[in-house]
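In what follows, a structure is listed as structure tokens, so that the remarks can point back to it.
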Amino acid sequence: PIVIDNGSGVIKAGFAGDPTPKINFPNYVGRPKHVRVMAGGLEGDTFIGPKAEEYRGLLHIAHPMEHGIVEDWNDMEKIWSYIYSKHQLRSASEEHPVLLTEAPLNPRKNREKAAEIFFETFNVPALYISMQAVLSLYASGRTTGVVLDSGDGVTHAVPIYE
1 PIVIDNGSGV IKAGFAGDPT PKINFPNYVG RPKHVRVMAG GLEGDTFIGP KAEEYRGLLH
61 IAHPMEHGIV EDWNDMEKIW SYIYSKHQLR SASEEHPVLL TEAPLNPRKN REKAAEIFFE
121 TFNVPALYIS MQAVLSLYAS GRTTGVVLDS GDGVTHAVPI YE
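Heads up, the sequence shown is in UniProt numbering, so the first residue is 1 and it goes up one at a time.
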């Protein structure tokens with residue numbers, strides 16, 4: 001399976017079982033601040049990942065997630081598409097199930113919207129959405145505990161009992 005860890009500040013993705021994520025970049029989309037008038041100016045209307053980082057000073061930066069919750073679904077979909085691209089995972093979305101992380105207070109409608117995008121746009125064979133805190137606890141070999149998750153836009157203390 002492919003694991004996608006959506007964060008307000010950073011998005012990470014890779015294959016389950018790998019020791020570290022293959023992808024790790026700021027979770028934002030950049031669009032040129034100015035209209036291109038000269039040859040040699042920025043080519044393209046949307047920049048994601050390393051290109052967005054490289055041209056950050058020339059771009060208007062938009063964060064699709066605020067406080068752990070997706071606010072702009074069009075930009076989030078562009079970022080997910082970029083993850084599957086030849087520049088990143090180099091994998092067809094139809095070939096792998098997806099494990100997608102979410103914040104503890106993620107609204108149900110957001111979960112449904114994410115599922116709609118992954119099934120209808122990316123044609124994934126299966127999707128499992130899990131709370132980031134639960135996955136962190138499992139990764140440490142425990143099923144009961146308190147997870148303190150402090151990210152770019154939000155901090156959660158999540159008690160988990162089996």
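Ideal Cβ placement from N, Cα and C applies to all residues, glycine included.
| Query | Result |
| --- | --- |
| Residue interval of the beta strand (DSSP E) (run including Leu-99) | 98 to 102 |
| contact_flag[the stretch 78 to 87, the stretch 43 to 57] where n(CB pairs < 8 Å) is 3 or more | yes |
| Residue interval of the beta strand (DSSP E) (run including Leu-59) | 59 to 62 |
| Of the listed residues Gly-14, Arg-56, Lys-113, nearest to Pro-97 (C-alpha basis) | Gly-14 |
| Nearest-angstrom Cα separation, counted from Glu-77 out to Arg-31 | 15 Å |
| Three-pair Cβ contact test at 8 Å for the stretch 100 to 116 versus the stretch 62 to 79 | yes |
| Spatially closest choice to Ser-91 from Asn-74, Lys-22, Val-29, by CA coordinates | Lys-22 |
| C-alpha gap between Val-158 and Glu-95, whole angstroms | 33 Å |
| Thr-121 - DSSP class collapsed to helix/strand/coil | helix |
| Residue burial classification, Tyr-138 (beta-carbon count within 10 angstroms, cutoff 16) | exposed |
| Met-131 versus Asp-149: straight-line alpha-carbon distance, rounded | 11 Å |
| Beta-carbon proximity of Leu-99 to Ala-16, cut-off 8 Å | yes |
| Endpoints, beta strand (DSSP E) assigned at Val-29 | 29 to 32 |
| Buried or exposed by the 16-neighbour rule on C-beta atoms within 10 Å, applied to Gly-145 | exposed |
| Secondary structure of Pro-19, DSSP reduced to three states | coil |
| Reference Val-154, options Leu-127, Leu-58, Gly-9, closest by Cα | Gly-9 |
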